[in-house]
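Engineer: Sharing a structure with you now.
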Amino acid sequence: MIVWSGKGVLSFAVLLVSIGLLRLTMPIELSDYANALGFFISAIFSFYFGLKWNSQDEGRVFVDEKTGERVKVKNSHTLFWIKMEYIGLIFLIIGILILFKASIWSGLISLFIVGVLIYYILSSGGKKLKKEEEHAKQIEEIFKNAIEKNESEDRQNDKETNVNKEDKKEEEDLSRYMPKTDKKE
């Protein structure tokens, strides 16, 4: 019995189709390699689309009428209650184990290639983070400069309005046109 939610069953379907097609096209002596390659194809599919689909879903917010509590419900794409991206990692490990069963050297080479790919992904991810941090600092500087400029303009405008108010007070003071009396009360 296969248990899945969302599009998680596609991981299993891609695994079966890729292994089936590879075993049909490859000689029987290489059936272990066909199985391993099928697991690798399914691993790449599951990992990529699992990350994409599981992070893309924003979810829906429901409000409980009795308590007023807000609950966010997201559709997750799983196979056997495991998210697709993790199923991809499991398929990768199974593929490597199949290669070790077929030949130690092919298993070691595949392990080396996977290690290089993981290193490359992690190192390029770090570079992206550094670039994002630099961009964030640049944007923060732009905002600070804009705020300082607006504040200085506001101060200048306040000074001008104060000068204008004083001029208006002098203009509005009509008592200066009234005759002055010397009476002291």
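Take the sequence shown: its position 48, counting from 1, is numbered 44 in the working numbering, and each next residue is one higher. Glycine included, every Cβ here is placed at the ideal spot set by N, Cα and C. If you're wondering where the values come from, they're calculated on a predicted model, not measured in any experiment.
1. What's the call for residue 12, buried or exposed, on a 16-neighbour Cβ count within 10 Å?
2. Just the Cα atoms here: how many angstroms apart are residue 119 and residue 127?
3. Mapping DSSP to helix, strand and coil, what is residue 79?
4. Using beta-carbon positions only, say whether residue 8 and residue 85 come within less than 7 Å of one another.
5. Among the candidates 103, 55, 48 and 66, whose CA atom is the shortest distance from the CA of residue 28?
6. Name the residue from 129, 90, 98 and 155 whose alpha carbon lies nearest to the alpha carbon of residue 110.
7. What are the start and end residues of the beta strand (DSSP E) that includes residue 182?
8. For residue 19, which residues from the same chain have a beta carbon less than 7 Å from its beta carbon, with the 5 sequence-adjacent residues on both sides left out?
9. How about residue 79 and residue 46: do their beta carbons lie closer than 7 Å?
10. Less than 7 Å between the beta carbons of residue 42 and residue 83, yes or no?
11. Can you tell me which of 177, 15 and 175 puts its alpha carbon nearest to the alpha carbon of residue 87?
12. Rounding to the nearest angstrom, what Cα-Cα distance links residue 130 and residue 139 in this structure?
13. Consult DSSP for residue 63 and reduce its assignment to one of helix, strand or coil.
14. Do you know how far the Cα of residue 10 is from the Cα of residue 35?
15. Which one of 64, 71, 57 and 66 has the shortest CA to CA distance from residue 51?
Structural biologist: The answer reads as follows:
1. Here the question's residue 12 lines up with position 16 in the sequence shown. Residue 12 comes out exposed.
2. Counting from one through the sequence shown, the residue named residue 119 turns up at place 123. Counting from one through the sequence shown, the residue named residue 127 turns up at place 131. Rounded to the nearest angstrom, the two C-alpha atoms are 13 Å apart.
3. For the purposes of this step, residue 79 is identified with residue 83 of the sequence shown, where counting begins at 1. Residue 79 carries a strand assignment under DSSP once its states are collapsed to helix, strand and coil.
4. In the sequence shown, counting from the first residue as 1, residue 8 sits at position 12. In the sequence shown, counting from the first residue as 1, residue 85 sits at position 89. In this structure, residue 85 does not lie closer than 7 Å to residue 8 by Cβ.
5. As a working note, residue 28 is residue 32 in the sequence shown. Distances from the alpha-carbon of residue 28 to those of 103, 55, 48 and 66 put 103 closest.
6. Residue mapping note: residue 110 aligns to position 114 of the sequence shown, counting from 1. Distance from the Cα of residue 110 is smallest, within the candidate group 129, 90, 98 and 155, for 90.
7. Past the edges of the chain, shown from -3 to 181, lies residue 182, and the structure says nothing about it.
8. Position 23 of the sequence shown, counted from the first residue, corresponds to residue 19. Closer than 7 Å at the Cβ level, and outside the excluded window around residue 19, lie 27 and 30.
9. Taking the first residue of the sequence shown as position 1, residue 79 is located at position 83. Taking the first residue of the sequence shown as position 1, residue 46 is located at position 50. Remark: C-beta atoms of residue 79 and residue 46 approach each other more closely than 7 Å.
10. In the sequence shown, counting from the first residue as 1, residue 42 sits at position 46. In the sequence shown, counting from the first residue as 1, residue 83 sits at position 87. Contact flag set, yes.
11. Along the sequence shown, one-based indexing puts residue 87 at 91. Out of 177, 15 and 175, 15 has the C-alpha closest to the C-alpha of residue 87.
12. Taking the sequence shown and counting its residues from 1, the one referred to as residue 130 is at position 134. Taking the sequence shown and counting its residues from 1, the one referred to as residue 139 is at position 143. Whole-angstrom Cα-Cα distance: 14 Å.
13. Locating residue 63 in the sequence shown gives position 67, where the first residue counts as 1. In this structure, DSSP gives residue 63 a state outside helix and strand, which the three-state scheme calls coil.
14. As a working mapping, residue 35 is identified with position 39 in the sequence shown. As a working mapping, residue 10 is identified with position 14 in the sequence shown. Their Cα atoms are separated by approximately 9 Å.
15. Your numbering for residue 51 matches position 55 in the sequence shown. Of the candidates 64, 71, 57 and 66, the one whose C-alpha sits nearest the C-alpha of residue 51 is 71.
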